[in-house]
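As structure tokens, the structure follows; a few thoughts come after it.
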Amino acid sequence: MEKQQIVDAILLALEEKLSIARSSTQRAIDAATDEETIPEHKYDTLALEASYLAHGQALRVQESESELSLMRHFKVRSFEQQAIAVGAYVELEDDDGKAKHFFIAPCAGGLEVACLEKRIYLLTTQSPLGKLLKGKYEGDEVELKIADKSIHYDIVTVL
1 MEKQQIVDAI LLALEEKLSI ARSSTQRAID AATDEETIPE HKYDTLALEA SYLAHGQALR
61 VQESESELSL MRHFKVRSFE QQAIAVGAYV ELEDDDGKAK HFFIAPCAGG LEVACLEKRI
121 YLLTTQSPLG KLLKGKYEGD EVELKIADKS IHYDIVTVL
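Note that the UniProt record's numbering has the sequence shown beginning at 1, numbered continuously upward.
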């Protein structure tokens, strides 16, 4: 497997996320400054609400820019025969034999990318599953507990 292809797919997804965040920010700014949002009385809060939304969207742009910058400077390395850490590609198999594919990333946890005919989910080491996987090796097992449910995974591949 070529991990650089995964990183390239992540970069494309983060660039798209940033583009969407920027356009959402601009729409929120336009709404906040539109003549129709000028308050007609002291209880008319449309402009104030729009300015809060614009601020939140601007924070989203900053976060997206930071994630993109971090991934652009990310160095791909092999994890064969090494403990799972940031940068590892991990394939897990549940008790039903269903495979799941993960990339342990420095940021953007929860992002999903299509690459190499697989759905690959980004995990950070701060996530519950990321915490469980960190330091484990190919062939190890982990058990993820969510509420009153446990999911058992075998670590099939670490690259």
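The beta-carbon is built from N, C-alpha and C at its ideal position, and this holds for glycine as well.
Comparing alpha carbon positions, the residue from His41, Tyr137 and Lys149 closest to Glu91 is Tyr137.
Residue pairing from DSSP places Asp154 in a beta bridge opposite Glu93 and Glu141.
A direct Cα-to-Cα measurement between Pro128 and Leu53 gives close to 30 Å. Annotation note: the region 23-80 contains the following uninterrupted alpha helix (DSSP H) runs of length 4 or greater, listed N- to C-terminal: 46-72. Going by C-alpha positions, Ala114 is about 15 Å away from Leu123. Counting along the chain, no alpha helix (DSSP H) covers Leu123; the unbroken beta strand (DSSP E) around it starts and ends at Lys118 to Leu123. Taking each of Ala83, Asp154 and Asp34 in turn and checking the Cα distance to Gly97, the smallest one comes out for Asp154.
Residue burial annotation: Ser78 is exposed, with fewer than 16 other C-beta atoms found within 10 angstroms of its C-beta.
Under DSSP, Ala114 forms a beta bridge with Arg119. When the five nearest sequence neighbours on each side are left out, the beta carbons in the same chain lying within less than 8 Å of the beta carbon of Glu141 are those of His152, Tyr153, Asp154 and Ile155, in order along the chain.
Distance between Asp30 and Tyr43, taken at the CA atoms: about 21 Å. Put simply, the backbone Cα of Glu112 is about 14 Å away from that of Gln5. In the three-state DSSP reduction, Lys136 falls in the coil class, being neither helix nor strand. The beta carbon of Thr33 sits closer than 7 Å to no other beta carbon from its chain once the five residues preceding and following it are set aside. For Lys100, the enclosing beta strand (DSSP E) begins and ends at Ala99 to Ile104.
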